[in-house]
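Below is one structure, written out as structure tokens, with a few remarks after it.
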Amino acid sequence: MKLPVPALLVGALFLAAACAPQTSSNSASDKDDKSGTLRVWLFQEVGNDPKQKVVDSVVAAFEKAHTGTKVDVEYIPVDTRAQRVKAAFNDPASAPDVMEYGNTDTAGYVHDGGLLDVTKEFAAWPAAKDTDPTARQSVTVAGKVYGAPFYVGVRALYYRTDVFRELGLKPPTTMAGLASTARKIRAAKPDLYGLVVGGAYTYGAMPFIWADGGELATAEGGSYTSAIDSAAAQKGIKAYTSLFGDDNCPAAKCAGFGGNDTVTAFAAGKAGMAIGGDFSHAAVEAGSVKGKYAVVPLPGATAGSVAPAFAGGNNIGVLKSTTHRTLAVQLMEELTAKKTQAAMFDAMGFLPTFKDVRDQAAAKEPFVKPFVQTLAAGTKFVPASAGWSQIDSSLVLPTMFQEVISGKKSVGAASQEAAKKMDDAFGSAG
Amino acid sequence: MTPTGVGAAVRGRVRVRGGLSRSSPRPYGGAGWGPWLYLAPALVVLGGLLVYPIYQLGLISVFRYTQAQVSGGEPTAFVGLGNYSDVFSDDQFWSVLLATVGFAAACVVSTLAVGCALAVLLTRVRALPRLALMLAALGAWATPAVTGSTVWLFLFDPDFGPVNRLLGLGDHSWTYGRYSAFFLVLLEVVWCSFPFVMVTVYAGIRAVPAEVLEAAALDGASQWRIWRSVLAPMLRPILMVVTIQSVIWDFKIFTQIYVMTGGGGIAGQNLVLNVYAYQQAFASSQYGLGAAIGVVTLLVLLAVTLVYLRLLRRQGEEL
Chain A
586 MKLPVPALLV
596 GALFLAAACA
606 PQTSSNSASD
616 KDDKSGTLRV
626 WLFQEVGNDP
636 KQKVVDSVVA
646 AFEKAHTGTK
656 VDVEYIPVDT
666 RAQRVKAAFN
676 DPASAPDVME
686 YGNTDTAGYV
696 HDGGLLDVTK
706 EFAAWPAAKD
716 TDPTARQSVT
726 VAGKVYGAPF
736 YVGVRALYYR
746 TDVFRELGLK
756 PPTTMAGLAS
766 TARKIRAAKP
776 DLYGLVVGGA
786 YTYGAMPFIW
796 ADGGELATAE
806 GGSYTSAIDS
816 AAAQKGIKAY
826 TSLFGDDNCP
836 AAKCAGFGGN
846 DTVTAFAAGK
856 AGMAIGGDFS
866 HAAVEAGSVK
876 GKYAVVPLPG
886 ATAGSVAPAF
896 AGGNNIGVLK
906 STTHRTLAVQ
916 LMEELTAKKT
926 QAAMFDAMGF
936 LPTFKDVRDQ
946 AAAKEPFVKP
956 FVQTLAAGTK
966 FVPASAGWSQ
976 IDSSLVLPTM
986 FQEVISGKKS
996 VGAASQEAAK
1006 KMDDAFGSAG
Chain B
3 MTPTGVGAAV
13 RGRVRVRGGL
23 SRSSPRPYGG
33 AGWGPWLYLA
43 PALVVLGGLL
53 VYPIYQLGLI
63 SVFRYTQAQV
73 SGGEPTAFVG
83 LGNYSDVFSD
93 DQFWSVLLAT
103 VGFAAACVVS
113 TLAVGCALAV
123 LLTRVRALPR
133 LALMLAALGA
143 WATPAVTGST
153 VWLFLFDPDF
163 GPVNRLLGLG
173 DHSWTYGRYS
183 AFFLVLLEVV
193 WCSFPFVMVT
203 VYAGIRAVPA
213 EVLEAAALDG
223 ASQWRIWRSV
233 LAPMLRPILM
243 VVTIQSVIWD
253 FKIFTQIYVM
263 TGGGGIAGQN
273 LVLNVYAYQQ
283 AFASSQYGLG
293 AAIGVVTLLV
303 LLAVTLVYLR
313 LLRRQGEEL
């Protein structure tokens, strides 16, 4: 019997597609051109003009110093950066040479094979010795450096000065005091949340876990094991989730809040206190509480201590596929140099990653003092594992908090389940 | 519409033609290629648009295929049914699948009920109200899902929403409880998908000969009776199409859940299969796992459709 044509066609298709899905040959390029065009991707910020001005002056100086070199800067939207970066990794021909990226993405991008190892160049860079230890940690994966820190962001406690004065309250100095102050505000002013919190606000909840000595995960020989179900971490989870209730922030509304929702509520004058970042300053200033608020570091477990904050921020790295290795690394260093970071602080309010530059900034602008204090007191970072991006995108921690808040599970059961999911992610991603 | 049926019909025709041109020197076997040649353009397009993507989906689902493999950071590894066993061993997958089936069923039933009722209404009202109803329905139909979801969410907002003020519910949160959140999404889904049912069924009713309806009315049948015994049987092919369409749409729902419940509700209580697949697989670039969930979705939908067609056929309807 003869084979019908369609069967042949389908068979040909199968053969043409070979036996495995496509992969890109994103191997490190051996080329190191000393002239030509460098492509740079930076994030498009809300109100990007001041940032662009600083970058333009850096680029002009760079082009002058390296004759025959052109720098092509593109500002990419933050919302769609994940797709853009994936596409860049898949197609080296259209990828940039230098790229800005969020510091929680470092390990994931390294795992994907997209970032260039610049350990040697970073060590030889004179400015590197003043880099903040947490900022350095945020570009380091398994002992190797994959970029230079661009700026850091930390969160602290915003509070309403007018409400505190009216009720005769003082800014809390311990975590327990924070909770009781929040309840006092809510009791006296039922239309306000005491401290506005969010069940999906992971980075706002982390200080509560860290304040009691808990950890998200512990590293051992380069691989991570979840510690979210340890006794200390459970205590922190309990402290955070107990803030959800009619006496502070009703679960029916607050369980679904993310970070932006809490800042919006505070800016609109609906909360006595909120946990916000230095990057939230502009949003709060634009709200109805302008001139009626102040910021202090988030208090820790004991009086006078500061709860360890999550050190967010962005880095600038070089892509593995670059054909201008030397130039690209030099441009990365110029874009994250002390001078650039100082200018960037003046332009955008981005906190510098160098301690000396940051202290100068704090002297100039009193607003950043509590954030600089928070950084000086010691900050923490998420596990430097590709598993973290998986944990983050599959909402493991928000689910855990929401299960406790809505009364579906006890702290123990919810944290044990989260720990199991985290370990699975660390195990599969390494 | 099975492939063998087509083949038999084609062979039949070929034989007839072969009989007529007996004097032609062309050998008999050559004639067998003729029909395929004519079908080839359509087959190539169908193969390219349908078979090849499904083939790729199946292929990816048996590999460990994440962003690291796509961009060449790690070699691609064959894992056999590993991705499928990951999916099936996850308790959450089964509860999400159950919720998806229940939610889709509720959406399909509500959409069909609202769509058919309004289609009948359309045939009973004057031109002006009919035009208004048509325009309103088309407006709902044309609204992008993200916009529609956001507007519905705002209508039911605990602090600023007009619905709570109208019903005097204070600051009741509609998205906190599992069923109330599903109910809210159901309302939006019905609102944006009933127009398709309504317009299609309305067109069907218009095509029913007026004498049949008149005869039924003369025989003293009530409105409900006319619908059940005259219209519905005559509209069966159309109802079948809209039902299958609705089943497929509502089973694959993503935007409404993603937007209205903030990516799956409190602690994931409002997850449906598509959002679950997005969260577990695509957001963290585990394309192999995502493809496995895709294949499972495809098989479930195929099974539902086949069972439905089978049921219809048993009732003696020609397709």
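Protein chains in written order, with the working numbering: chain A, 586 to 1015; chain B, 3 to 321.
Yeah, the Cβ is synthetic: ideal placement off N, Cα and C, and Gly gets one too.
Any residues in the segment 663 to 682 of chain A with a beta carbon nearer than 7 Å to a beta carbon of chain B? Which ones, in chain order?
Within the segment 663 to 682 of chain A, the residues whose Cβ lies closer than 7 Å to some Cβ of chain B are Lys671, Phe674 and Asn675, listed in chain order.
Please specify which runs of the alpha helix (DSSP H), each continuous and at least 4 residues long, are wholly inside the segment 204 to 291 of chain B, giving them in chain order.
Unbroken alpha helix (DSSP H) stretches of 4 residues or longer found wholly inside the segment 204 to 291 of chain B: 212 to 220, 225 to 228, 238 to 253, 257 to 262 and 275 to 279, given in chain order.
Please state if the CB of A:Thr787 and the CB of A:Leu549 are separated by a distance shorter than 8 Å.
In the structure as shown, chain A starts at 586 and stops at 1015, and residue 549 of chain A therefore has no counterpart that could be examined.
Using C-beta distances below 8 Å, list every residue in its chain close to A:Val996, excluding the 5 sequence neighbours before and after it, in chain order.
In the same chain as A:Val996, and ignoring 5 residues on each side of it, the C-beta atoms closer than 8 Å to its own belong to Gln819, Ile822, Lys823, Thr826 and Val989, in chain order.
Where A:Ala969 and A:Gly753 are concerned, what is the direct C-alpha to C-alpha distance, given to the nearest angstrom?
Just so you know, the alpha carbons of A:Ala969 and A:Gly753 end up roughly 44 Å apart.
How far does the beta strand (DSSP E) with A:Phe735 in it reach, from first residue to last?
Element bounds for A:Phe735: Ala733 to Gly738.
List, in order along the chain, the chain B residues whose C-beta lies closer than 8 Å to that of A:Leu980?
Neighbours of A:Leu980 on chain B, chain order: Gly265, Gly266, Gly270 and Gln281.
Going by other Cβ atoms of all chains shown within 10 Å of its Cβ, with 16 needed for buried, is B:Ser23 buried or exposed?
Below a pLDDT of 50, predicted positions are generally treated as unreliable, and B:Ser23, at 45, falls in that range; the measurement from the model is reported next regardless. Residue burial is scored here from C-beta neighbours: B:Ser23 has fewer than 16 other C-beta atoms within 10 angstroms and is therefore classed as exposed.
Starting from the Cα of A:Leu883, find the closest Cα among A:Ala927, A:Ala892, A:Asp1009 and A:Ala678 and give me that residue.
Comparing alpha-carbon positions, the option among A:Ala927, A:Ala892, A:Asp1009 and A:Ala678 lying closest to A:Leu883 turns out to be A:Ala892.
So, does the CB of B:Ser91 fall closer than 8 Å to a CB anywhere in chain A?
Closer than 8 Å: no.
For a contact defined as C-beta to C-beta under 7 Å, what are the partners of A:Glu988 on chain B?
The answer, in chain order, is Ala269.
Does any residue of chain B have a CB that is nearer than 8 Å to the CB of A:Ser991?
The C-beta of A:Ser991 comes closer than 8 Å to at least one C-beta of chain B.
So with Cβ pairs under 8 Å, would you call A:Asp832 a contact of chain B?
No - not a single Cβ of chain B is within 8 Å of the one on A:Asp832.
Which class does B:Tyr67 belong to by DSSP, given the choice of helix, strand or coil?
B:Tyr67 falls in the coil class under three-state DSSP.
As a quick exercise: from A:Gly902, A:Val631, A:Leu701 and A:Asp682, pick the residue whose alpha carbon is nearest that of A:Asp664.
Restricting attention to A:Gly902, A:Val631, A:Leu701 and A:Asp682, the CA atom closest to the CA of A:Asp664 is found in A:Val631.
At the 8 Å Cβ level, is A:Pro775 part of the contact set with chain B, yes or no?
Not an interface residue.
Tell me which residue opens and which closes the alpha helix (DSSP H) that B:Asn85 is part of.
Counting along the chain, the alpha helix (DSSP H) containing B:Asn85 begins and ends at Gly84 to Phe90.
Give me whichever residues DSSP pairs with B:Ser182 in a beta bridge.
DSSP output for B:Ser182 lists no bridge partner at all.
Using a Cβ-Cβ cut-off of 8 Å, state whether B:Ser286 counts as contacting chain A.
Yes - at least one Cβ of chain A is within 8 Å of the one on B:Ser286.
Chain A contact for B:Phe156 (CB, 8 Å cutoff):
Residue-level contact by beta carbon fails for B:Phe156 and chain A, as no gap is shorter than 8 Å.
Beta-carbon of B:Pro211 versus every beta-carbon of chain A: anything under 8 Å?
No, because no Cβ of chain A sits closer than 8 Å to the Cβ of B:Pro211.
DSSP state of A:Phe895, grouped into three classes?
Annotated three-state conformation of A:Phe895 is strand, per DSSP.
Since A:Gly783 and A:Phe864 are thought to touch, with beta carbons under 8 Å apart, how far apart are those beta carbons, to the nearest angstrom?
Actually they are not in contact, since the Cβ atoms of A:Gly783 and A:Phe864 sit about 16 Å apart, beyond 8 Å.
Is DSSP giving B:Phe1 helix, strand or coil here?
Lying outside 3 to 321, the shown extent of chain B, residue 1 of chain B is not represented and no answer is given.
Are the segment 766 to 781 of chain A and the segment 965 to 979 of chain A touching, with three or more C-beta to C-beta distances below 8 Å?
The answer is no - the segment 965 to 979 of chain A does not touch the segment 766 to 781 of chain A, with fewer than three Cβ pairs under 8 Å.
Would you kindly check if the distance between the Cβ of B:Ala269 and the Cβ of A:Gln987 is under 8 Å?
Yes. Within cutoff.
Say the cut is 7 Å; is the CB of A:Thr704 nearer than that to a heavy atom of the ligand ADP?
Absence of the ligand ADP is noted for the structure shown, with no ligands found whatsoever.
Tell me whether A:Arg624 sits in a helix, a strand or coil according to DSSP, three-state version.
The answer is strand: DSSP assigns A:Arg624 an E or B state.
Since B:Val249 contacts B:Val306 with CB under 8 Å, what's their CB separation in whole angstroms?
Yes, they are in contact, since the Cβ atoms of B:Val249 and B:Val306 sit about 6 Å apart, within 8 Å.
What distance in whole Å lies between the Cβ atoms of A:Gly738 and A:Gly885, which are believed to be in contact at a cut-off of 8 Å?
Going by Cβ atoms, the distance from A:Gly885 to A:Gly738 rounds to 20 Å, so no, they are not a contact pair.
With DSSP collapsed to three states, give me the class of B:Ser25.
Note on B:Ser25: pLDDT 48, under 50, position unreliable in the model; the coordinate value appears next. In this structure, DSSP gives B:Ser25 a state outside helix and strand, which the three-state scheme calls coil.
CB B:Ser112 to CB B:Leu188, shorter than 8 Å?
In terms of Cβ geometry, B:Ser112 and B:Leu188 form a close pair [threshold 8 Å].
Using a Cβ-Cβ cut-off of 8 Å, state whether A:Gln819 counts as contacting chain B.
Not flagged as an interface residue toward chain B: A:Gln819, since no C-beta distance is shorter than 8 Å.
Establish whether the CB of A:Ala728 and some CB of chain B are separated by less than 8 Å.
Ala is not the amino acid found at residue 728 of chain A; the sequence shown has Gly there. Answer no: the Cβ-Cβ gap between A:Gly728 and chain B never drops below 8 Å.
What span of residues does the alpha helix (DSSP H) with A:Asp931 cover, start to end?
Where A:Asp931 is concerned, the enclosing alpha helix (DSSP H) stretches over Lys923 to Met933.
Reduced DSSP secondary structure (H/G/I, E/B, other) of A:Arg745:
Look at A:Arg745 here: in three-state DSSP terms it is strand.
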